[in-house]
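Taking the working numbering, the leading residue of the sequence shown gets 0, the next gets one more, and so forth.
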Amino acid sequence: MTVDFTRRPLEGILALSPLCMDENYEIDHEAIRANVEWLEEQGIHGFIQFATMGQSMAPSEAEFDEVTDTVVDAADDITCVVGASAQNQQEAIRRATYAEAAGADGTMIELPYQIPLQQNWVGDFYRDVDEALEGDLAVLVYNYPPATGVDITPETWKDELVDIPSVKAVKDSNYATPHYDRMLGLSDRINVISPYDCPFWHDSQLGGKGLIGILTWAAPQTLLRFYRECRDGNHHDDWTMRVNRTLAEVWGDLGNLPDAPLVSNSPAVLHALAELSDRPAGEVRPPYRRLHDEAQEALVEALQPLRDIERELV
Numbered sequence: 000m001t002v003d004f005t006r007r008p009l010e011g012i013l014a015l016s017p018l019c020m021d022e023n024y025e026i027d028h029e030a031i032r033a034n035v036e037w038l039e040e041q042g043i044h045g046f047i048q049f050a051t052m053g054q055s056m057a058p059s060e061a062e063f064d065e066v067t068d069t070v071v072d073a074a075d076d077i078t079c080v081v082g083a084s085a086q087n088q089q090e091a092i093r094r095a096t097y098a099e100a101a102g103a104d105g106t107m108i109e110l111p112y113q114i115p116l117q118q119n120w121v122g123d124f125y126r127d128v129d130e131a132l133e134g135d136l137a138v139l140v141y142n143y144p145p146a147t148g149v150d151i152t153p154e155t156w157k158d159e160l161v162d163i164p165s166v167k168a169v170k171d172s173n174y175a176t177p178h179y180d181r182m183l184g185l186s187d188r189i190n191v192i193s194p195y196d197c198p199f200w201h202d203s204q205l206g207g208k209g210l211i212g213i214l215t216w217a218a219p220q221t222l223l224r225f226y227r228e229c230r231d232g233n234h235h236d237d238w239t240m241r242v243n244r245t246l247a248e249v250w251g252d253l254g255n256l257p258d259a260p261l262v263s264n265s266p267a268v269l270h271a272l273a274e275l276s277d278r279p280a281g282e283v284r285p286p287y288r289r290l291h292d293e294a295q296e297a298l299v300e301a302l303q304p305l306r307d308i309e310r311e312l313v
């Protein structure tokens, strides 16, 4: 069964886009536009503006609207997803409806954070979002327990979420195998998008339809070929296995940067990855900050094997 989309589908590589800022922490719209255009030139299938690593918590209402207008205008033949996660339901719905009216293809929404919801309220939240939409915008549900304090269970998906018309995809950041493989069992009803680059080797064998592109910034052609090889069933070819092992090693190293835990420094890591390909990123809005020098050096060293594969391709 194929999931139907009114606008461009949520599948393939969806790269997280950094929230570019100048030295005064003002949003740099031209840098954001240039990055969207670069991703499209590389052949990446889509992008997500205002993911957690893309500082979804940072913009004011006016800034959110302005950036949404920028990325929708910049996107040509690339899927445009605008994250609408917010601390409260009212703002999440406002963001989602603005993104739909502006012309985005999809939105990624996690549960409201600060005070955790009860499990039996989860379906109501996404139904309220759905009822506020016109029916054109596809919703990518983001299950991120570290931020929301709630782990959306496979039972909640089966009983409530899969039947909500706008809910078309899921990014699930509960990495426990029993949970995650049960979610992949729903891939005939929703598009399961791997939460980062590395798990796609596994997920694509169980129906996964795409991946969140993070390391994609440092090695776009490698990740594109890796996606195609996995999609085409070439999981055990030598090249695919080499890339899969390399991705696993890189992600292990990124989780152990000196004095820079990944959860707190995820926006800084995304900025650093973009800049490795000479893309603009700029400052990270306080209270978050850029990587300190030792962590930056460790990140560059960790990425070297993946960058070596990229050079072989280009």
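Ideal Cβ placement from N, Cα and C applies to all residues, glycine included.
All figures in this text were calculated on a predicted structure; none of them were measured in a lab.
Beta-carbon gap between residue i and residue j smaller than 8 Å
i, j, result
"residue 117", "residue 86", "no"
"residue 11", "residue 209", "yes"
"residue 277", "residue 0", "no"
"residue 214", "residue 236", "no"
"residue 261", "residue 251", "no"
"residue 9", "residue 137", "yes"
"residue 308", "residue 218", "yes"
"residue 68", "residue 101", "yes"
"residue 81", "residue 103", "yes"
"residue 39", "residue 77", "yes"
"residue 144", "residue 173", "yes"
"residue 312", "residue 220", "yes"
"residue 159", "residue 122", "yes"
"residue 163", "residue 2", "no"
Which listed residue (the options) has its alpha carbon closest to that of residue i
i, options, result
"residue 79", "33, 7, 100 and 123", "7"
"residue 298", "9, 109 and 275", "275"
"residue 19", "304, 207, 70 and 236", "70"
"residue 238", "252, 251, 259 and 223", "223"
"residue 107", "34, 302, 191 and 28", "191"
"residue 168", "264, 97 and 156", "156"
"residue 30", "295, 273 and 292", "273"
"residue 35", "138, 123 and 216", "216"
"residue 246", "280, 301, 163 and 124", "301"
"residue 292", "256, 243, 21 and 2", "256"
"residue 264", "242, 248, 288 and 249", "288"
"residue 45", "296, 73 and 22", "73"
Where residue i falls: helix, strand or coil (DSSP)
i, result
"residue 157", "helix"
"residue 119", "helix"
"residue 214", "helix"
"residue 174", "coil"
"residue 141", "strand"
"residue 106", "strand"
"residue 70", "helix"
"residue 48", "strand"
"residue 0", "coil"
"residue 56", "coil"
"residue 251", "helix"
"residue 185", "coil"
"residue 166", "strand"
"residue 14", "strand"
"residue 78", "strand"
"residue 35", "helix"
"residue 23", "coil"
"residue 308", "helix"
"residue 299", "helix"
"residue 193", "strand"
Expected contact under 8 Å - CB spacing of residue i and residue j to nearest Å
i, j, result
"residue 48", "residue 16", "5 Å"
"residue 401", "residue 135", "In the structure as shown, the chain starts at 0 and stops at 313, and residue 401 therefore has no counterpart that could be examined."
"residue 125", "residue 161", "The Cβ separation is near 11 Å, so there is no contact."
"residue 212", "residue 183", "Rounded, the Cβ-Cβ distance is 19 Å, inconsistent with contact."
"residue 194", "residue 180", "About 14 Å separates the two Cβ atoms, so there is no contact after all."
"residue 294", "residue 258", "7 Å"
"residue 139", "residue 105", "6 Å"
"residue 88", "residue 58", "The pair is not a contact, with the Cβ atoms about 18 Å apart (cut-off 8 Å)."
"residue 109", "residue 141", "4 Å"
CB contact check: residue i to chain B, cutoff 8 Å
i, result
"residue 97", "Among the chains in the structure shown there is no chain B, since it carries only a single protein chain."
Next item on the list: Take every Cβ of the segment 283-299, pair it with every Cβ of the segment 224-233, and state whether three or more of those distances are shorter than 8 Å.
Entry: Judged by pairs of C-beta atoms under 8 Å, the segment 283-299 does not touch the segment 224-233, as fewer than three such pairs exist.
Note to self: Count Cβ pairs between the segment 259-269 and the segment 42-62 that sit closer than 8 Å; are there 3 or more?
What the structure shows: yes
Item checked: Three or more C-beta pairs below 8 Å linking the segment 22-36 and the segment 192-211 -> no
Check: Quick one: any contact between the segment 114-133 and the segment 145-163, if contact means 3 or more CB pairs under 8 Å?
Finding: yes
Margin query: Under 8 Å: do the segment 59-77 and the segment 87-99 share three or more Cβ pairs, one atom per stretch?
Written below: yes
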